[in-house]
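Reviewing the structure listed below.
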RNA sequence: GCGCCGGUAGCUCAGUGGAUAGAGCAUCAGUCUUCGGAACUGAGGGCCGGGGGUUCGAAUCCCUCCCGGCGCACCA
């Protein structure tokens with residue numbers, strides 16, 4: 209029992225461990241008191257601080273099975289409970305709730321263990337999983353827009369969280385670098401700049417997006433051109449060297465623009481586009497054929513899976529090979545499923561795309577399962593996010609010209625952050641160097657955009673608004689950065705070196721606002737564990753926002769530098785632990801902290 | 001028509017079958033001799049889309065209807 213006070217790795221420095229221990233103790237008590245084994249005991253945070261820290265409702269759940277009034281059941285359980293080592297005496301309230309209050313000594317011990325831990329109490333995964341995170345996925349010769357921001361930011365955050373949890377993560381950029389549009393682009397390149405096909409240095413297509421639009425216009429209005437574009441696709445897919453050369457030119461050109469965005473957003477990702485799977489497509493078809501899963505329908509090779517219907521109510525096929533003999537993205541996605549499992553040895557594959565592709569991936573996964581390519585021990589998940597909508601509630605149209613370019617959005621964010629900063633410095637009469645201001649505006653602007661995107665539940669649709677996305681007050685990145693800066697300000701003002709506080713078991717909780725902050729600090733591992741299950745980084749945003757609120761409450765109510773010892777040192781450590789938690793949490797969202805604002 | 005998402009405060013959104021449904025923004029009223037005011041405190045504002053059901057208990061689960069978005073055969 210006493211081991212609970214001793215810091216031994218990750219066994220006790222976390223909320224997960226506390227809850228797990230409580231569940232076990234309750235199960236034992238229920239078994240002793242009422243002879244019921246293996247009850248699933250839900251230990252929940254108290255709905256109101258007046259009820260303590262945690263509540264257990266198992267007595268209400270057992271009423272029918274045991275055949276006694278809930279309060280009597282609760283009394284029986286409490287009489288058998290052994291919680292003296294970390295809880296005050298449990299109380300029974302209302303119809304039969306058992307309310308728990310953690311002992312301050314337990315909170316202190318757990319906090320000090322967390323403070324001494326570079327991982328802040330978050331245990332690395334017992335079984336590291338080889339994990340593929342497929343995100344971002346821009347299209348060659350098209351501009352990245354706000355939809356790509358969602359995939360990029362959400363995917364990056366998921367990858368960061370999995371990496372921190374100790375998993376072996378492969379970040380893949382499934383770039384749209386293959387398909388029918390390349391016939392059009394290559395044909396247009398031949399027409400307008402033939403010299404570039406033999407000498408890449410003569411290439412001049414200005415902005416690639418304009419090039420794409422001119423090619424598309426020609427494609428739509430010139431039948432002869434259209435026919436040549438079709439032939440280019442065939443040549444490209446069959447590996448014609450000149451076509452491949454032209455294709456590579458276009459990809460290289462696009463990559464420059466993508467790289468710039470990734471650098472701005474601090475995204476690390478390995479490009480493995482659709483073209484990568486091209487050589488693997490025939491084998492996909494052959495294997496499906498060998499299993500007798502292919503059906504010819506209107507000249508196309510299809511797989512039919514139960515549960516998928518078209519608008520006439522007829523079975524909806526997954527088209528593996530088109531009537532003209534070409535493959536499509538379903539084939540590519542099946543090849544990707546196989547490759548990631550067989551060659552990358554992934555046990556977990558996370559694909560982050562817009563919600564409009566949910567049916568497609570459900571069908572692809574179903575076919576993969578049917579073909580025996582997707583074993584039960586591999587977790588294959590589509591992580592969808594809501595559509596970006598215009599003010600009218602309709603989907604943003606890529607071709608309509610109304611799309612906000614991602615690069616413009618990021619620029620605008622930095623400009624706004626700078627304007628806000630200048631205004632504030634002016635009102636405070638502060639003088640700062642241009643370097644400081646420019647650097648800060650960059651960081652705050654990008655942080656604001658990322659946070660705005662990550663903080664809403666990814667499933668929700670998303671009405672695009674510069675004002676909302678670039679807001680700097682309320683539940684925004686600057687709010688959390690400010691809480692972090694306040695801690696650093698304390699250190700500067702008091703000339704305190706936080707590193708000197710390490711390993712001294714300094715933290716002793718006294719005030720209610722300290723207690724409230726402390727409990728929240730211990731919940732980090734529980735939050736991350738849940739995100740690892742449901743892939744909702746917005747949970748981490750909520751956690752960090754609440755942490756900042758609780759810290760500000762503490763800051764308002766508890767003087768730090770002016771407090772007497774040992775309270776002063778205890779509060780310094782608590783503030784530092786808050787800052788470290790904010791820093792870690794924000795880093796998992798891809799946001800870096802600053803020491804001054 | 002079928003399928004998938006969604007409907008919670010004026011707006012944007014949280015909410016794990018539990019006690020009195022919460023934040024932010026906006027509005028109004030306060031807090032500056034105290035560690036940095038991008039802060040803090042308080043107020044108003046809700047038939048949780050409607051109706052049934054399951055349950056000791058439902059915003060949460062089931063059924064049904066209404067509204068919105070998206071998808072539904074060779075684009076990705």
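In the numbering used here, the protein residues as written are 209 to 805. Idealized CB from N, CA, C, for every residue including glycine. Being a predicted model, the structure only gives us computed values, none of them experimental.
Closer than 8 Å: residue 760 CB and nearest the ligand ADP heavy atom: This structure does not include the ligand ADP; it has no bound ligands of any sort.
Backbone CA spacing between residue 294 and residue 780 [nearest angstrom]: In the first chain, the residue the question calls residue 294 occupies position 86. In the first chain, the residue the question calls residue 780 occupies position 572. The straight-line gap from Cα to Cα measures roughly 25 Å.
Boundaries (first-last residue) of the alpha helix (DSSP H) holding residue 655: Position 447 of the first chain holds residue 655. Per DSSP, residue 655 belongs to the alpha helix (DSSP H) from 642 to 663.
Among 472, 638, 385 and 791, the one whose alpha carbon lies nearest that of residue 653: Along the first chain, read from residue 1 onward, the residue named residue 653 stands at position 445. Among 472, 638, 385 and 791, the Cα nearest to that of residue 653 is on 472.
Close Cβ partners of residue 628 (< 7 Å) along its chain, the five nearest in sequence each way excluded: The sequence position of residue 628 within the first chain is 420, counting from 1. Once the five neighbours on either side are set aside, the close Cβ partners of residue 628 are 680.
Reduced DSSP category for residue 407 - H, G, I as helix; E, B as strand; rest coil: The residue labelled residue 407 in the question sits at position 199 within the first chain. Correct three-state label for residue 407: coil.
C-alpha gap between residue 479 and residue 444, whole angstroms: As a first step, residue 479 is located in the first chain; it is residue number 271 there, counting from the start. As a first step, residue 444 is located in the first chain; it is residue number 236 there, counting from the start. So the two alpha carbons sit approximately 20 Å from each other.
Beta-carbon proximity list for residue 286, same chain, < 7 Å, skipping 5 on both sides: For this step, residue 286 is matched to residue 78 along the first chain. Only 298, 300 and 306 meet the Cβ criterion.
In chain order, each alpha helix (DSSP H) run of at least 4 residues that lies wholly inside the stretch 329 to 415: 354 to 372 and 389 to 400
Buried versus exposed, by CB contacts within 10 Å (16 or more), residue 553: By 1-based counting over the first chain, the position of residue 553 is 345. Exposed.
For residue 660, the nearest candidate out of 687, 486, 516 and 329 (CA to CA): Within the first chain, the letter at position 452 stands for residue 660. Taking only the C-alpha atoms, the option nearest residue 660 is 687.
Endpoints, beta strand (DSSP E) assigned at residue 263: On the first chain, residue 263 is found 55 positions in, with the first residue counted as 1. Per DSSP, residue 263 belongs to the beta strand (DSSP E) from 262 to 264.
Extent of the continuous alpha helix (DSSP H) run through residue 475: Looking up residue 475 in the first chain gives position 267. Careful: residue 475 lies outside any alpha helix (DSSP H) and carries neither H nor E.
Residue closest to residue 749, alpha-carbon to alpha-carbon, out of 684, 261 and 309: As a first step, residue 749 is located in the first chain; it is residue number 541 there, counting from the start. Nearest C-alpha to residue 749: 684.
Among 744, 736 and 730, the one whose alpha carbon lies nearest that of residue 226: Here the question's residue 226 lines up with position 18 in the first chain. Ranking 744, 736 and 730 by Cα distance to residue 226 puts 730 first.
DSSP state of residue 232 mapped onto helix, strand, coil: As a first step, residue 232 must be located in the first chain, where it is residue number 24. Looking at residue 232 - three-state DSSP - the assignment turns out to be helix.
Alpha-carbon to alpha-carbon, residue 246 and residue 239: In the first chain, the residue the question calls residue 239 occupies position 31. In the first chain, the residue the question calls residue 246 occupies position 38. Roughly 8 Å between the two C-alpha positions.
Coil, strand or helix - residue 516 by DSSP: Position 308 of the first chain holds residue 516. Reduced to three states, the DSSP call for residue 516 is strand.
Alpha carbon of residue 743 to alpha carbon of residue 670, nearest angstrom: Counting from 1 along the first chain, the entry for residue 743 is found at position 535. Counting from 1 along the first chain, the entry for residue 670 is found at position 462. Distance between the alpha carbons of residue 743 and residue 670 is about 18 Å.
Residue 492 in three-state terms, based on DSSP: Here residue 492 is taken as the residue at index 284 of the first chain, counted from 1. Three-state DSSP puts residue 492 in a helix.
Assigned exposure category for residue 561 - 16 Cβ within 10 Å defines buried: Working through the first chain from its first residue, we reach residue 561 at position 353. Counting Cβ neighbours within 10 Å, residue 561 comes out buried, since at least 16 surround it.
Terminal residues of the beta strand (DSSP E) in which residue 556 lies: Translated into positions along the first chain, residue 556 becomes position 348. Per DSSP, residue 556 belongs to the beta strand (DSSP E) from 556 to 562.
Residue 758 to residue 462 span [Cα, whole Å]: By 1-based counting over the first chain, the position of residue 758 is 550. By 1-based counting over the first chain, the position of residue 462 is 254. Rounded to the nearest angstrom, the two C-alpha atoms are 45 Å apart.
At least 3 beta-carbon pairs within less than 8 Å: the stretch 715 to 733 vs the stretch 773 to 790: yes
Chain-order list of residues whose beta-carbon lies under 8 Å from that of residue 606 (same chain, five-residue window excluded): Here residue 606 refers to the residue found at position 398 when the first chain is read from its first residue. Reliability of the predicted coordinates at residue 606 is poor, the pLDDT of 42 falling under 50, and the value obtained from them is presented with this limitation in mind. So the qualifying residues of the chain are 350 and 353.
Residues of its chain near residue 265, where Cβ-Cβ distance is below 7 Å and the 5 sequence neighbours each way are ignored: Taking the first residue of the first chain as position 1, residue 265 is located at position 57. For residue 265, where only same-chain residues beyond five positions count, the Cβ hits under 7 Å are 250 and 305.
Beta carbon of residue 397 nearer than 9 Å to that of residue 457: As a working mapping, residue 397 is identified with position 189 in the first chain. As a working mapping, residue 457 is identified with position 249 in the first chain. Against a cut-off of 9 Å, the Cβ pair of residue 457 and residue 397 comes out as a contact.
DSSP state of residue 434 mapped onto helix, strand, coil: Start at 1 with the first residue of the first chain, and residue 434 comes out as number 226. Residue 434 falls in the helix class under three-state DSSP.
C-alpha gap between residue 799 and residue 678, whole angstroms: Residue numbering aside, residue 799 sits at position 591 when the first chain is read from its first letter. Residue numbering aside, residue 678 sits at position 470 when the first chain is read from its first letter. Distance between the alpha carbons of residue 799 and residue 678: 15 Å.
Nearest-angstrom Cβ-Cβ length linking residue 376 and residue 343, presumed shorter than 8 Å: Taking the first chain and counting its residues from 1, one reaches residue 376 at position 168. Taking the first chain and counting its residues from 1, one reaches residue 343 at position 135. Contact doesn't hold; Cβ gap of about 17 Å is too wide.
At least 3 beta-carbon pairs within less than 8 Å: the stretch 319 to 327 vs the stretch 381 to 399: no
Cα-Cα separation between residue 696 and residue 790, rounded to whole angstroms: For the purposes of this step, residue 696 is taken as residue 488 along the first chain, with counting starting at 1. For the purposes of this step, residue 790 is taken as residue 582 along the first chain, with counting starting at 1. Between residue 696 and residue 790, the C-alpha separation is close to 12 Å.
Residue 786, buried or exposed, once every other Cβ within 10 Å from all chains shown has been counted against 16: Counting from 1 along the first chain, the entry for residue 786 is found at position 578. Buried: at least 16 other Cβ atoms inside 10 Å.
Cα-Cα separation, residue 770 to residue 636: Start at 1 with the first residue of the first chain, and residue 770 comes out as number 562. Start at 1 with the first residue of the first chain, and residue 636 comes out as number 428. Those two C-alpha atoms are separated by around 25 Å.
DSSP-derived helix/strand/coil call for residue 534: Here residue 534 refers to the residue found at position 326 of the first chain. Note: residue 534 maps to coil in three-state DSSP.
Distance between beta carbons of residue 339 and residue 370, contact taken as under 8 Å: Mapped onto the first chain, residue 370 falls at position 162. Mapped onto the first chain, residue 339 falls at position 131. 5 Å between Cβ atoms; contact.
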